[in-house]
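Undergrad: In our numbering, the protein residues as written are 255 to 841.
So, in structure tokens, the structure goes:
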């Protein structure tokens with residue numbers, strides 16, 4: 255039998271007994287609540303002058319009897335497990351108010367309600383916002399509020415339940431509705447004609463259909479969250495995070511930014527702000543938060559402990575994009591290696607099932623063994639992948655050695671992601687490398703040959719684009735691929751001239767190359783997409799940078815680019831000192 259939850263210390267023995275007796279009642283599965291149980295529970299609430307709530311299981315048994323305060327009721331912990339959007343909790347919450355004065359309103363009933371015979375205008379108890387939040391967060395079958403209608407013992411009722419919204423194909427970035435709340439009210443509970451069993455089965459079936467359609471459309475929704483110490487940097491960074499989310503196939507329904515003097519060491523944004531974001535996410539039907547920074551293991555644990563939403567950071571998002579776009583076996587190996595290296599130190603933090611385990615006496619046991627087994631498996635898999643990547647690296651070394659023996663120079667295309675490198679490669683070599691106006695359209699290195707006008711053969715290598723705060727695990731995993739840059743004789747640093755953030759992007763690429771020890775390579779700064787900017791904008795850029803301006807689509811400036819590349823490669827390629835051809839980016 256259910257026990258009483260709440261503060262019962264001040265109750266008399268008879269009052270405690272009356273509460274406990276409620277737990278022995280049972281209601282029909284076809285009724286929200288039986289008339290007899292509703293009458294008894296309302297009498298107890300009036301007698302105590304406090305709210306009384308019942309959590310009733312789908313079959314009609316009482317799961318919990320809850321004693322609240324006069325104006326609020328606190329629910330027991332129902333567990334941290336999350337429910338799918340296709341499921342409800344199989345519990346209905348019925349709250350009894352001790353009186354109705356001050357909490358009654360005039361309502362118009364919803365025309366699509368399952369309840370029949372309802373008046374269009376009715377006076378009924380108000381459903382507090384905290385109860386609506388509980389409905390959304392805990393996915394109750396229905397929430398009902400019952401209060402005395404008059405001194406004659408009549409009861410009035412107000413109900414609210416979730417209503418699924420049919421999934422529709424919306425452009426990513428649109429603020430998509432997630433759900434609808436349906437209310438209905440009745441001045442006399444005893445006139446309620448409502449087959450609850452049929453209603454809840456039908457409702458859950460409609461949730462399943464809506465969820466299936468949503469999965470087919472790939473419309474996973476997220477709120478992106480950024481905390482910054484500088485407002486200008488924050489605006490650019492959160493916009494790039496939104497681009498990353500769209501590239502990953504996620505619909506960004508809202509963005510939340512916060513400017514702080516100092517970031518919170520535990521939750522980045524502070525506990526109060528996190529709680530408001532969680533409530534906002536529930537209101538929008540969002541189950542994913544993406545933070546615009548790399549979260550430490552401790553921060554990830556602190557944030558996930560305060561929300562049942564899924565939480566990922568910028569690095570996880572980038573790794574997910576790479577996982578989606580890796581085509582070759584080599585690319586998939588590199589992505590898996592990066593993901594495992596990233597997840598290993600966070601293993602204990604992300605496993606909520608083990609979050610309460612501690613070491614020492616009382617803490618040892620199957621949980622600890624399971625954790626260690628998981629770590630060992632990841633370490634073994636990392637070791638296996640590293641061996642395979644070493645083999646890939648040796649094969650690349652062999653191919654590069656053959657190129658060197660034939661005296662074939664290599665030109666590497668580098669730059670910020672989505673700068674136009676693949677389009678330039680296609681234009682120069684008449685190839686058909688995959689091109690898409692999204693971040694990280696190219697993952698696997700692409701090698702193409704071309705002949706200069708003087709009949710010299712040159713190999714062009716297109717590599718993965720760089721980005722701000724590229725996860726170090728990803729750089730390490732893609733070492734075999736990035737070695738192609740190290741073997742290049744000349745680098746073409748491609749910059750999207752139409753991007754307003756190009757100054758920062760140039761610096762990111764230079765810093766990344768220096769971090770890979772490739773900063774001393776001969777390089778040509780190439781501003782692509784010059785047909786998308788005005789003459790004035792081009793003039794300003796020319797005064798700031800010593801660069802070539804090209805358009806791969808209209809082939810403007812490509813002749814100058816080829817001549818400049820030939821000049822850097824030199825007439826007698828093998829005998830030249832590469833250090834003499836270092837190009838200074840700045841004019």
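Each residue gets a CB set at the ideal place from its N, CA and C atoms; glycine is no exception.
Between which two residues does the beta strand (DSSP E) holding residue 556 run?
TA: Your numbering for residue 556 matches position 302 in the chain shown. Note, residue 556: premise wrong, no beta strand (DSSP E); alpha helix (DSSP H) at 551-559.
Undergrad: I'd like the span of the alpha helix (DSSP H) that includes residue 576, first residue to last.
TA: Translated into the one-based positions of the chain shown, residue 576 becomes position 322. 568-579 is the span of the alpha helix (DSSP H), which, as asked, contains residue 576.
Undergrad: Work out the CA separation of residue 401 and residue 326 for me, nearest whole Å.
TA: Position 72 of the chain shown, counting from 1, holds the residue named residue 326. Position 147 of the chain shown, counting from 1, holds the residue named residue 401. Taking the straight line joining both Cα atoms gives about 14 Å.
Undergrad: So what does DSSP say about residue 771, is it helix, strand or coil?
TA: Here residue 771 refers to the residue found at position 517 when the chain shown is read from its first residue. Here residue 771 sits in coil by DSSP.
Undergrad: Is the beta carbon of residue 396 less than 8 Å from the beta carbon of residue 440?
TA: Reading the chain shown from its first residue, position 142 is the one you call residue 396. Reading the chain shown from its first residue, position 186 is the one you call residue 440. Against a cut-off of 8 Å, the Cβ pair of residue 440 and residue 396 comes out as no contact.
Undergrad: Count the other CB atoms within 10 Å of the CB of residue 444; is the residue buried (16 or more) or exposed (fewer)?
TA: In the chain shown, residue 444 corresponds to position 190, counting from 1. Classification for residue 444: exposed.
Undergrad: So, helix, strand or coil for residue 305, using DSSP?
TA: On the chain shown, position 51 is the one that residue 305 refers to. Here residue 305 sits in coil by DSSP.
Undergrad: Give me the residue from 592, 536, 760, 775 with the minimum Cα distance to residue 739.
TA: Numbered from its first residue, the chain shown carries residue 739 at position 485. When each option's Cα is compared against that of residue 739, the closest is 775.
Undergrad: If you draw a straight line from the C-alpha of residue 262 to the C-alpha of residue 405, how long is it?
TA: Along the chain shown, one-based indexing puts residue 262 at 8. Along the chain shown, one-based indexing puts residue 405 at 151. Distance between the alpha carbons of residue 262 and residue 405: 27 Å.
Undergrad: Would you call the CB atoms of residue 762 and residue 722 closer than 8 Å?
TA: Sequence index remark: in the chain shown, residue 762 carries index 508 (1-based). Sequence index remark: in the chain shown, residue 722 carries index 468 (1-based). Result yes, Cβ atoms of residue 762 and residue 722 sit closer than 8 Å.
Undergrad: Per DSSP, residue 485 is paired with what?
TA: The sequence position of residue 485 within the chain shown is 231, counting from 1. Answer is none; residue 485 lacks a bridge partner.
Undergrad: Which class does residue 315 belong to by DSSP, given the choice of helix, strand or coil?
TA: Taking the first residue of the chain shown as position 1, residue 315 is located at position 61. Three-state DSSP puts residue 315 in a strand.
Undergrad: Report yes or no: do three or more beta-carbon pairs, one from the region 712-721 and one from the region 623-641, lie closer than 8 Å?
TA: The region 712-721 is not in contact with the region 623-641.
Undergrad: Specify, as a first and last residue, the run of the alpha helix (DSSP H) that residue 823 falls within.
TA: Here residue 823 corresponds to residue number 569 of the chain shown, with the count starting at 1. Here the alpha helix (DSSP H) through residue 823 covers 812-823.
Undergrad: Is the beta carbon of residue 394 sitting closer than 8 Å to the one on residue 346?
TA: Residue 394 sits at position 140 when you count from the first residue of the chain shown. Residue 346 sits at position 92 when you count from the first residue of the chain shown. Going by C-beta atoms, residue 394 is nearer than 8 Å to residue 346.
Undergrad: Whole-angstrom Cβ separation of residue 818 and residue 748, contact assumed at under 8 Å?
TA: Stepping through the chain shown from its first residue, residue 818 is reached at position 564. Stepping through the chain shown from its first residue, residue 748 is reached at position 494. Not quite, the Cβ-Cβ distance comes to about 14 Å (not below 8 Å), so this is no contact.
Undergrad: Let's test the definition: count the other Cβ atoms within 10 Å of the Cβ of residue 429 and tell me whether it reaches 16, buried, or not, exposed.
TA: As a first step, residue 429 is located in the chain shown; it is residue number 175 there, counting from the start. Low local confidence applies: a pLDDT of 41 at residue 429 is under 50, so the model's placement there is unreliable, with the coordinate-based value given in what follows. The residue is exposed, with fewer than 16 neighbouring Cβ atoms inside 10 Å.
Undergrad: According to DSSP, simplified to helix, strand and coil, what is residue 274?
TA: On the chain shown, position 20 is the one that residue 274 refers to. Three-state DSSP puts residue 274 in a helix.
Undergrad: Answer yes or no: do residue 729 and residue 666 have a C-beta to C-beta separation smaller than 8 Å?
TA: Position 475 of the chain shown, counted from the start, is the residue given in the question as residue 729. Position 412 of the chain shown, counted from the start, is the residue given in the question as residue 666. No; because the gap between Cβ atoms is not below 8 Å, this pair is not in contact.
Undergrad: Tell me residue 330's beta-bridge partners as DSSP assigns them.
TA: Looking up residue 330 in the chain shown gives position 76. Residue 330 is not bridged to any residue.
Undergrad: DSSP three-state call for residue 800: helix, strand or coil?
TA: In the chain shown, residue 800 corresponds to position 546, counting from 1. Three-state DSSP puts residue 800 in coil, outside helix and strand.
Undergrad: Residues in the same chain with beta-carbon distance under 6 Å from residue 598, minus the five sequence neighbours each way, listed in chain order, please.
TA: Here residue 598 corresponds to residue number 344 of the chain shown, with the count starting at 1. Cβ within range, chain order: 632.
Undergrad: So residue 646 packs on residue 590, CB below 8 Å; how close in whole Å?
TA: Position 392 of the chain shown holds residue 646. Position 336 of the chain shown holds residue 590. Not a contact, Cβ separation roughly 13 Å.
Undergrad: Relative to the alpha-carbon of residue 804, which residue among 553, 780, 793, 798 has its alpha-carbon at the smallest distance?
TA: For this step, residue 804 is matched to residue 550 along the chain shown. Among 553, 780, 793, 798, the Cα nearest to that of residue 804 is on 780.
Undergrad: Quick one: what does DSSP say residue 671 is sitting in, helix, strand or coil?
TA: Position 417 of the chain shown holds residue 671. Coil.
Undergrad: Would residue 330 and residue 320 be called neighbours here (beta carbons separated by less than 8 Å)?
TA: Along the chain shown, one-based indexing puts residue 330 at 76. Along the chain shown, one-based indexing puts residue 320 at 66. For residue 330 and residue 320, yes; Cβs fall inside 8 Å.
Undergrad: Within the chosen definition, does the region 375-387 reach the region 266-284 through at least 3 CB pairs nearer than 8 Å?
TA: No, the region 375-387 does not touch the region 266-284.
Undergrad: Cα separation between residue 312 and residue 283?
TA: The sequence position of residue 312 within the chain shown is 58, counting from 1. The sequence position of residue 283 within the chain shown is 29, counting from 1. Looking at the two C-alpha atoms, the distance is approximately 6 Å.
Undergrad: Would you say residue 435 touches the ligand ADP, meaning its beta carbon is less than 7 Å from a heavy atom?
TA: What this structure holds is no ligand at all, so the ligand ADP is not there to describe.
Undergrad: Figure out for me which residue from 285, 567, 594 has the closest Cα to the Cα of residue 629.
TA: In the chain shown, the residue the question calls residue 629 occupies position 375. With distances taken between Cα atoms, residue 629 lies closest to 594.
Undergrad: Is residue 526 helix, strand or coil by DSSP?
TA: By one-based count along the chain shown, residue 526 stands at place 272. Reduced to three states, the DSSP call for residue 526 is helix.
Undergrad: Give the C-beta separation of residue 814 and residue 802 to the nearest angstrom, bearing in mind that I take them to be a contact with Cβ-Cβ under 8 Å.
TA: Against the chain shown, residue 814 aligns to sequence position 560. Against the chain shown, residue 802 aligns to sequence position 548. That belief holds up - the Cβ atoms of residue 814 and residue 802 are roughly 6 Å apart, short of 8 Å.
Undergrad: Excluding five sequence neighbours on each side, which residues of the same chain lie with their C-beta closer than 7 Å to the C-beta of residue 702?
TA: Counted from its first residue, the chain shown places residue 702 at position 448. Counting only Cβ-Cβ distances below 7 Å, and skipping sequence neighbours, we find 679, 683, 685, 714.
Undergrad: How many angstroms separate the CA atom of residue 785 from the CA atom of residue 809?
TA: Position 531 of the chain shown, counting from 1, holds the residue named residue 785. Position 555 of the chain shown, counting from 1, holds the residue named residue 809. The straight-line gap from Cα to Cα measures roughly 10 Å.
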